[in-house]
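So the sequence shown is numbered by UniProt numbering: it starts at 1 and just counts up by one.
By construction, the Cβ of each residue, glycine as well, lies at the ideal position given by its N, Cα and C atoms.
Below is one structure, written out as structure tokens; comments come after it.
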Amino acid sequence: MSLVHWAILAPFILAIFVPFFRKKAATIHTGWFVLILPVVLFVSFLQYLPVTMNNNSITHSAAWIPSLGIDFSVYIDGLSLLFILLITGIGSLVVLYSIYYLSKTKESLQHFYVYLLMFMGAMLGVVLSDNVITLYMFWELTSISSFLLIAYWFDRDRSRYGALKSMLITVFGGLMMLGGFLVLSIMGGTFSIRELAVQAPDLYHHPLFLLAMILILLGAFTKSAQFPFYIWLPDAMEAPTPVSAYLHSATMVKAGIYLVARFSPIFAFSSYWFWIVSAVGLFTMIWASFNAVKQTDLKGILAYSTVSQLGLIMGLLGAGSAALYFDSLDDNLYTAAVIAAIFHLINHATFKGSLFMVVGIIDHETGTRDIRRLGGLMSLMPVTFTLSVIGAFSMAGLPPFNGFLSKEMFFLSMVQLSELNLFNLETWGIFFPVLAWIGSVFTFIYSMIIVFTVFTGKFQPEKLEKKPHEAPAGMLVSPIILAVLVIVFGLFPNLLSYSLIQPAAAAIVPSIIPSGEQLDVNIYFWHGITAELLMTIAVVLVGIILYTFLPKWVGLYNYFPGKVTLNNLYDASLYTVERGSNSITKSYMSGFIRSYLVYIFAFFIALLGFTLWAKDAFRYDASNTSPIGYYEIGLLVVLCVATATILMAKSRLTSIISLGAVGYSVSLFFVIFRAPDLALTQLVIETVSTALFLLCFYHLPKLSRHEEKMSFQIGNALIAAGVGITVTLIGITAHSTKLFSSINEYYIENTYKKAGGENMVNVILVDFRGFDTLFEIAVLSVAALGIYALIKLRLEKGDDSVNENK
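Structure follows, in structure tokens:
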């Protein structure tokens with residue numbers, strides 16, 4: 001494997017050793033050990049910048065399941081490198097922040113960092129995988145690790161609820177995405193994303209094209225919290241703030257964005273892709289920004305703002321699909337949406353990561369995130385206030401911060417779409433800039449709420465759990481770095497133009513870039529008096545007015561039906577499924593093993609018996625059978641008598657002895673049929689089982705009179721007879737049907753030659769069927785461990801379960 005493969009595996013390997021760091025260095029915060037890895041990975045991957053800046057890529061492959069065409073292939077281009085730097089760069093800052101945020105004495109740090117490293121490795125695997133099956137494996141690992149991180153404070157009901165919600169929704173999307181991957185691989189005959197992209201013009205005309213697209217988009221929309229799947233993200237805010245800053249601003253929620261960007265070269269030729277991605281993105285933006293205004297929890301505001309910003313980026317990627325309809329850089333006008341999406345992706349990671357950390361500081365130092373209890377903190381927490389201004393103003397799209405530039409590019413792209421004679425935009429295109437403007441107005445409002453409601457106004461110390469003060473320097477380092485990047489990328493945006501933005505955009509729209517040329521990426525503040533500048537001015541003016549009179553109109557939210565929400569629909573669905581499953585389970589889970597055996601055997605008879613009848617599969621051919629001897633008939637009579645005795649006996653001891661007689665009779669059949677190994681095994685099993693039965697039944701009371709009066713149960717008799725007849729018919733059919741020559745000749749010829757053994761049965765079990773035998777031993781070992789655990793289990797007198805039973 002290459003170094004890139006080891007870079008993906010490194011977080012998982014380090015996670016194994018984290019508990020040992022915790023034990024060996026109790027005086028040092030575990031985060032200091034963990035911090036080394038993301039920093040090293042970030043610096044290491046910077047070496048690939050010269051490669052991607054020339055629109056080149058690097059591929060490494062390692063065999064995994066070659067027989068199925070599944071390999072561990074990694075692919076570094078401008079798009080994947082951008083996400084790698086976000087994952088490792090923001091990851092480094094989050095780990096540094098967590099060192100001061102999480103107490104080394106009060107928190108279970110080994111669990112936190114193990115989950116965080118699992119997530120980091122999974123995200124690296126997602127953005128680097130070229131094989132869709134490998135990508136899916138890492139994709140689901142992100143869902144599992146994020147579930148563990150969200151439920152980190154598992155003693156809180158809301159944490160468990162949010163973790164389960166995120167798991168159910170994102171795993172559902174992941175399964176849909178897997179279906180899309182399989183359909184796409186069937187269409188293209190390969191699991192490689194790069195090879196599928198080459199076939200894109202041919203795949204477009206395939207009848208399964210739309211199905212694959214919709215399934216893959218379901219995976220992207222659920223992970224990136226697009227409408228209507230966004231409901232998991234606000235509840236995921238129950239996680240510790242470092243988790244929110246990492247997963248829900250820079251990495252996990254961007255996985256869906258990455259998926260749409262990566263598969264744009266395959267699907268963006270379709271008008272369905274354009275309308276679905278752009279419409280869902282813009283609607284998500286306006287819906288989430290509208291709902292963010294009414295939130296009273298700071299992390300709730302940031303959660304909805306994240307959903308809104310993700311919708312903005314998704315809408316830009318959808319709009320950017322129009323670029324694939326043009327085949328030269330002269331039509332570069334329409335690539336503005338793709339460039340804007342990449343630029344805003346970077347900007348959002350900086351200002352939203354900073355804001356999440358700021359909110360964590362406020363919560364850490366005041367004991368609350370409720371904006372109704374906060375106010376007047378500007379003089380008490382001046383550094384935190386400054387960071388809030390930088391992050392919130394950038395999110396609102398105000399100069400001179402980086403958010404202003406990408407928001408202007410967003411407006412430009414939407415205006416251009418309204419003028420485009422494509423995808424029926426000449427009719428509906430006007431809605432794009434209108435929706436973009438409305439969403440931006442609400443974005444401005446909730447950005448102002450974060451700054452002025454919390455840091456200005458009346459100070460209310462009586463409503464705070466702690467005496468507020470500025471955060472320690474260590475906790476401020478990470479948000480300060482991100483805030484500095486917000487300013488630097490705003491004042492000098494072209495630092496990113498050809499290092500990160502152009503290579504990433506080129507990976508999304510490769511078909512329009514002539515060989516040896518690059519996309520023109522030149523970002524600057526002043527473009528003159530343009531439509532997008534006028535839209536920004538209008539956003540600020542209307543936003544100031546609406547924020548000023550917010551108490552006058554915020555009551556409008558009360559007119560929305562509180563019970564008719566997606567969250568209530570989710571809760572009702574889970575409740576309905578739970579009640580329905582309980583009802584179904586109670587209908588057949590009677591508590592009697594006999595009932596369960598009846599279900600199993602009845603299904604067995606119905607399925608196999610119907611198959612034999614429907615397929616006319618029964619065959620009888622006695623030409624190759626040996627004659628039946630008198631001793632075999634006699635042994636069969638003994639077997640039947642012993643079986644009948646089990647049913648009719650009035651003593652448990654008699655039944656057990658009769659059961660042993662049945663087993664020993666079967667072993668005699670094995671001796672007659674020249675299978676001494678099987679006979680020996682049967683004798684050993686019967687001896688041990690008979691002894692165990694006697695040991696167990698010794699402690700049971702004698703048969704009661706009710707049990708002595710045995711009634712003939714016609715149902716049980718029919719089931720027993722049906723199973724016996726069905727198995728007999730299958731056995732006769734199997735013996736009478738020879739579709740190919742027996743494998744016994746192969747074993748006879750190769751037992752000694754290939755395995756070096758003279759005992760054919762032993763060689764078959766150990767060599768030819770070695771894995772089968774290994775798994776059988778593993779099953780027996782697990783069963784033995786389970787029995788041992790049950791025997792050793794002792795409930796203490798103070799155990800809650802014991803008290804409940806009392």
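Checklist entry - If we count the other Cβ atoms within 10 Å of its Cβ and call it buried at 16 or more, is Tyr115 buried or exposed? => result buried
Checklist entry - Just how far apart, CA to CA, sit Lys753 and Tyr747? => result 10 Å
Next on the checklist: In the DSSP output, what is Ile65 paired with across the bridge?
Outcome noted: BP columns for Ile65 point to Ile70.
Checklist entry - Do Glu350 and Ser289 have their CB atoms nearer than 9 Å? => result Checking the sequence, you will find Thr at residue 350 rather than Glu. Not in contact: Thr350 and Ser289 (Cβ atoms no closer than 9 Å).
Checklist entry - So, are the CB atoms of Ile276 and Leu310 less than 9 Å apart? => result no
Checklist entry - In the DSSP assignment, what residue or residues form a beta bridge with Ile438? => result Residue pairing for Ile438: DSSP places it in no beta bridge.
Item to check | Asn424, buried or exposed, once every other Cβ within 10 Å from all chains shown has been counted against 16 | outcome: Burial call: exposed.
Checklist entry - Secondary structure at Tyr161, three-state DSSP: helix, strand or coil? => result In the three-state reduction of the DSSP assignment, Tyr161 falls in the helix class.
Checklist entry - Closest by CA to Gly69, which one among Ser736, Ile193, Gly219 and Val662? => result A check of alpha carbon separations from Gly69 across Ser736, Ile193, Gly219 and Val662 identifies Ile193 as the nearest.
Next on the checklist: In the DSSP output, which residue or residues are listed as bridge partners for Ser192?
Outcome noted: Asn131
Checklist entry - Roughly how many angstroms lie between the CA atoms of Arg372 and Thr456, to the nearest whole one? => result Looking at the two C-alpha atoms, the distance is approximately 12 Å.
Item to check | Runs of alpha helix (DSSP H) wholly within the segment 351 to 421 (minimum 4 residues, chain order) | outcome: Correct list: 382 to 396 and 402 to 418.
Checklist entry - Near Phe147, what residues of its chain come up, given a Cβ to Cβ distance below 8 Å and the 5 sequence neighbours on each side ignored? => result Ala163, Leu164, Ser166 and Met167
Item to check | At least three beta-carbon pairs within less than 8 Å, the segment 93 to 107 to the segment 4 to 16 | outcome: Taking a cut-off of 8 Å for Cβ pairs, the segment 93 to 107 and the segment 4 to 16 do not touch, as fewer than three such pairs fall below it.
Next on the checklist: Taking a contact to mean a Cβ-Cβ separation below 9 Å, would you say Ser240 touches Tyr100 in this structure?
Outcome noted: The sequence shown places Pro at residue 240, not Ser. No, these two residues do not count as a Cβ contact at 9 Å.
Checklist entry - How should Arg22 be labelled, buried or exposed, when 16 other C-beta atoms within 10 angstroms of its C-beta is the threshold for buried? => result buried
Checklist entry - What three-state label does DSSP hand Tyr75 in the structure shown? => result strand
Next on the checklist: So if DSSP puts His60 in a beta bridge, which residue, or which two residues, is it bridged to?
Outcome noted: Val74
Checklist entry - Roughly how far, in whole angstroms, is the beta-carbon of Phe221 from the beta-carbon of Gly180, given that I think they are within contact range, below 8 Å? => result Actually they are not in contact, since the Cβ atoms of Phe221 and Gly180 sit about 12 Å apart, beyond 8 Å.
Item to check | Range of the contiguous alpha helix (DSSP H) that encloses Gly543 | outcome: Ala531 to Thr548 is the extent of the alpha helix (DSSP H) around Gly543.
Checklist entry - Using DSSP with H/G/I as helix, E/B as strand and the rest coil, what is Asp621? => result coil
Checklist entry - In angstroms, rounded to a whole number, what distance separates the CA positions of Glu465 and Ile301? => result 21 Å
Item to check | CB of Ile87 within 9 Å of CB of Leu124, strictly | outcome: Yes, the pair counts as a contact, with Cβ atoms nearer than the cut-off.
Next on the checklist: Can you tell me whether Asp297 is helix, strand or coil according to DSSP?
Outcome noted: strand
Checklist entry - For Met187 versus Phe154, is the C-beta distance shorter than 9 Å? => result no
Checklist entry - Can you tell me whether Phe560 is buried or exposed, with buried defined as 16 or more other CB within 10 angstroms of its CB? => result exposed
Checklist entry - Quick one: Cα of Phe442 to Cα of Met237, how far? => result 21 Å
Checklist entry - Skipping 5 residues on each side, what residues in its chain have a beta carbon closer than 7 Å to that of Ala62? => result Met1, His5, Asp71 and Phe72
Checklist entry - Roughly how many angstroms lie between the CA atoms of Ala606 and Phe697, to the nearest whole one? => result One Cα belongs to Ala606, the other to Phe697, and the distance between them is close to 35 Å.
Item to check | At least 3 beta-carbon pairs within less than 8 Å: the segment 427 to 445 vs the segment 475 to 486 | outcome: no
Checklist entry - Roughly how many angstroms lie between the CA atoms of residue 827 and Trp613, to the nearest whole one? => result Beyond the ends of the chain as shown, which are 1 and 806, falls residue 827; an answer cannot be given.
Next on the checklist: Here's a check: name, in chain order, each residue in its chain whose Cβ is nearer than 6 Å to the Cβ of Tyr557, leaving out the five neighbours to either side.
Outcome noted: Once the five neighbours on either side are set aside, the close Cβ partners of Tyr557 are Lys294.
Checklist entry - Cβ of Leu203 within 9 Å of Cβ of Leu211? => result No. Outside cutoff.
Checklist entry - If we ignore side chains and look at the alpha-carbon of each, how far apart do His735 and Phe673 end up? => result 15 Å
Checklist entry - Candidates Ala250, Ser655 and Ile714: which alpha carbon is nearest Phe693's? => result Ser655
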